[in-house]
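First comes the structure, then the notes that go with it.
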Amino acid sequence: MFKDVLDIYNKHLPSILVLSITLVFPVTFFIQLVVVYVYESSTVLFPSIISLCLLIINFIVLFSPFSFLTHKDLSDETVSLKELYAVFFSYFFYLLLFSVIVYAISVFGSFLILMPTIIGFSIIFLLPVFVDETSMKNHFRKAWLTLKSENIAVLGDIVIISSVQILLWTILTYIIKDLENSFFFFLVLRALVNTFLYPLFYIYLARKYGQLHEDRKWVTF
Amino acid sequence: MFHFLGLLKAMSVPFIYMIVFGFISGFLPNMDLDLMIVLLFFPTYILIGILAPIYNKKTPYFASFIGSLSLSVLNIFFGHFFIELETLADPDRVNRSLVLSTSVSIITTSIFLFTKKRKVLKNV
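The following block contains the structure:
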């Protein structure tokens, strides 16, 4: 599995680098700034819940161009950068809206012994894999079917992805701890970690769960 | 038939423009407030007036109306709950903002559809 992921990453390295520098870096930088603002501001009630939602949005919103690239690679078709940007700009608001709604459901349902929370988090992580469905009913049905068939594996993937990010971020902050750093330096470092790490996660998730259903129709401009 | 998914796809580019321009305009030092509001307001609703009929070919006017209405309602609620501006205090002002945004996007949609029809007729 990891060898396939690295193969796809190597084969499309220039377009992945351009995408991650032009899309992943600015989005991550902006969202880190918003997290800092939320913690500093006095009007927001629960800053930790909102900042976790923002970090999840950061992961989910950037998913669609990389999964498009993976599907095209698996069916041996060529991909152009223009198509990838069109995919990002057409699926942005849909992913953002539904990740916010499912996150709100999973947070408000946390008093039911965390069951809605676990189901909601795994649905949030499976939503962008099947984003290319023609109707919303099919989209949620396929996410639910995949959740039922691979229930523990999804949770394991969530744990792996979050722990790898936290580990790298901790190591880098320990390295630069004694230097004199400004506030923007930490944000740029965090954004650089995400820039080189997120495409691997996206290709891995799209390769693992996206193979179950074959027919795909991406609708862009 | 009205496609909800097409409406969400059409709303993504104006939403990104709104966020990015609102973020950049905070860094510009001595910008005129009226000019800033005009630069934020008109491109957003003109963009949704152009993009809504591309995804919803059967119901273009309804799609642009609902898109601009939901964008302005999102703006008002964000200002009310997160930044605690008093956007819901004056009902007259809320009414004016909703009417302005929806009328701008519907007029843009009508102009876009007329020019498209004219182009098709000229080519034939």
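In order, the protein sequences belong to chains A and P.
Numbering of the first sequence is given in our numbering, commencing with residue 14 and proceeding in unit increments.
Numbering of the second sequence is given in our numbering, commencing with residue 858 and proceeding in unit increments.
The beta-carbon is built from N, C-alpha and C at its ideal position, and this holds for glycine as well.
- Scanning the stretch 107 to 140 of chain A for uninterrupted beta strand (DSSP E) segments of 3 residues or longer gives nothing; none is fully contained.
- Contact holds between the stretch 166 to 175 of chain A and the stretch 136 to 143 of chain A, because three or more Cβ pairs, one in each stretch, are under 8 Å apart.
- Counting of Cβ neighbours within 10 angstroms places residue 908 of chain P among the buried residues, the total reaching 16 or more.
- Counted as a single uninterrupted DSSP element, the alpha helix (DSSP H) harbouring residue 963 of chain P occupies residues 948 to 980.
- Relative to residue 860 of chain P, the option among P:921, P:960 and P:948 whose CA is nearest is P:921.
- Annotation: Cβ neighbours of residue 873 of chain P in chain A (cutoff 9 Å, chain order): 102, 105 and 106.
- Using a CB distance cut-off of 7 Å, residue 56 of chain A counts as an interface residue toward chain P.
- Put simply, of A:217, A:206 and A:116 the residue whose alpha carbon is nearest the alpha carbon of residue 19 of chain A is A:217.
- By alpha-carbon distance to residue 869 of chain P, the top candidate from A:78, A:187 and A:104 is A:104.
- For residue 97 of chain A, the CB contacts under 8 Å within the same chain, skipping 5 residues up- and downstream, are 28, 32, 78, 81 and 82 in chain order.
- Ranking A:56, A:109 and A:60 by CA distance to the CA of residue 865 of chain P puts A:109 first.
- Among the residues of chain P, none has a CB under 7 Å from the CB of residue 209 of chain A; the nearest is roughly 23 Å distant.
- Annotation: residue 128 of chain A has no Cβ neighbours in chain P at a cutoff of 7 Å; minimum Cβ distance is about 28 Å.
- Under the 8 Å Cβ criterion, the stretch 37 to 54 of chain A counts as touching the stretch 204 to 215 of chain A, having at least three qualifying pairs.
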